[in-house]
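Asker:
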Amino acid sequence: SDFPIEDKLSKWGVHDHIVANRLLADLRKEQNAKQPMLRVFQTSSSHEPFEVPFYRLDDKVLNAFAYADSCVGDFVKQYKATPMWKNTLIVLVPDHLGAYPRPVENPLEGHTIPLILIGGAVKEPRVVETYASQIDIAATLLSQLGLPHDDFTFSKNIFNPASPHFGYFTEPTLFGMVTAENQLVYNLDANTVQIDEGTEKGANLEKGKAFLQKLYDDLAKR
75 SDFPIEDKLS
85 KWGVHDHIVA
95 NRLLADLRKE
105 QNAKQPMLRV
115 FQTSSSHEPF
125 EVPFYRLDDK
135 VLNAFAYADS
145 CVGDFVKQYK
155 ATPMWKNTLI
165 VLVPDHLGAY
175 PRPVENPLEG
185 HTIPLILIGG
195 AVKEPRVVET
205 YASQIDIAAT
215 LLSQLGLPHD
225 DFTFSKNIFN
235 PASPHFGYFT
245 EPTLFGMVTA
255 ENQLVYNLDA
265 NTVQIDEGTE
275 KGANLEKGKA
285 FLQKLYDDLA
295 KR
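The sequence shown lines up with residues 75 to 296 when you count with our numbering.
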């Protein structure tokens, strides 16, 4: 309802570049706001049917991702020219492996995604190779702001050296527990370890089972 009907040319609503332009316009209206603000921009072109107003690559899926990248890139370029940039943190993160080439023979590869933090609020360039999951973004950002994150039971601060560093993911048929020492995937249908790599093989099996159990314990209380 926020966009005219003539702009709704995608299965998911309007195309990414239109949403990006709307976000930029909204932010410019609020550039003198005194309070911190949070805005979320979800790209939709990287979902089937991968139909986008962009024609650079022959592969339909890759072309859709290239379009999404171009929209984000254009937004960042324009936003960087505003006075808001110096006090802004932009968090770029994928959501899932829905468009990963099938079949996904190695779930470790299929669930490996980047987390990119940019903006004027970033003090210096750095590559952080700590293992983490999307659930850790909340605790990490709140910690940077000096705010408590106790309500996020399963989230941990990626930048805290005292925090256990691991990545965790699940699918209906498996879970993965990944650390620097052990990269393990357990197949729940076969009731067996599917992948076990690293210098301490098997180390994450019981940890992964315990984490999954705690997730269900928490869910049962809600």
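For every residue, glycine included, the Cβ atom is placed at its ideal position computed from N, Cα and C. Remember, predicted model here, so these are calculated numbers, not experimental data.
Please report the residue range of the beta strand (DSSP E) in which residue 59 lies.
Answerer: The question about residue 59 has no answer, for the chain in this structure spans 75 to 296.
Asker: At 3 residues or longer, and completely inside the stretch 169 to 252: list those beta strand (DSSP E) runs for me, N to C.
Answerer: Those beta strand (DSSP E) runs which fall completely within the stretch 169 to 252 and span 3+ residues are 190 to 192, 241 to 245, 248 to 252.
Asker: Scan the stretch 88 to 147 and note each continuous beta strand (DSSP E) run of 3 residues or more that stays entirely inside, going in chain order.
Answerer: Counting only runs of 3 or more, we get nothing.
Asker: Using a Cβ-Cβ cut-off of 8 Å (strictly less than) and excluding sequence neighbours within five positions of residue 195, which residues of its own chain qualify?
Answerer: Counting from one through the sequence shown, the residue named residue 195 turns up at place 121. Contacts found: 160, 161, 162, 163.
Asker: Check the C-beta distance from residue 206 over to residue 226 and give it rounded, since I have them as a contact under 8 Å.
Answerer: Counting from 1 along the sequence shown, the entry for residue 206 is found at position 132. Counting from 1 along the sequence shown, the entry for residue 226 is found at position 152. Going by Cβ atoms, the distance from residue 206 to residue 226 rounds to 13 Å, so no, they are not a contact pair.
Asker: For residue 138, count neighbouring C-beta atoms within 10 Å of its own C-beta (all shown protein chains included) and say buried if the count is 16 or more, exposed if not.
Answerer: Taking the sequence shown and counting its residues from 1, one reaches residue 138 at position 64. Residue 138 comes out buried.
Asker: Considering only their Cβ atoms, is the gap separating residue 273 from residue 262 smaller than 9 Å?
Answerer: Translated into positions along the sequence shown, residue 262 becomes position 188. Translated into positions along the sequence shown, residue 273 becomes position 199. Not in contact: residue 262 and residue 273 (Cβ atoms no closer than 9 Å).
Asker: Where does residue 116 land, buried or exposed, given buried means 16+ other C-beta within 10 angstroms?
Answerer: Here residue 116 refers to the residue found at position 42 of the sequence shown. Exposed is the call here.
Asker: Closest to residue 92 by C-alpha separation, out of 264, 149, 259, would be which residue?
Answerer: In the sequence shown, the residue the question calls residue 92 occupies position 18. When only C-alpha atoms are compared, the closest one is 149.
Asker: For the alpha helix (DSSP H) that contains residue 258, what are its first and last residues?
Answerer: Position 184 of the sequence shown, counting from 1, holds the residue named residue 258. Counting along the chain, residue 258 falls outside any alpha helix (DSSP H), though it belongs to the beta strand (DSSP E) covering 257 to 261.
Asker: Rounded to a whole number of angstroms, what is the C-alpha to C-alpha distance between residue 146 and residue 169?
Answerer: What you label residue 146 is simply residue 72 of the sequence shown in a count that begins at 1. What you label residue 169 is simply residue 95 of the sequence shown in a count that begins at 1. Cα to Cα, the separation comes out at about 15 Å.
Asker: If you draw a straight line from the alpha carbon of residue 81 to that of residue 75, how long is it in whole angstroms?
Answerer: For this step, residue 81 is matched to residue 7 along the sequence shown. For this step, residue 75 is matched to residue 1 along the sequence shown. Spanning the two alpha carbons is a distance of roughly 11 Å.
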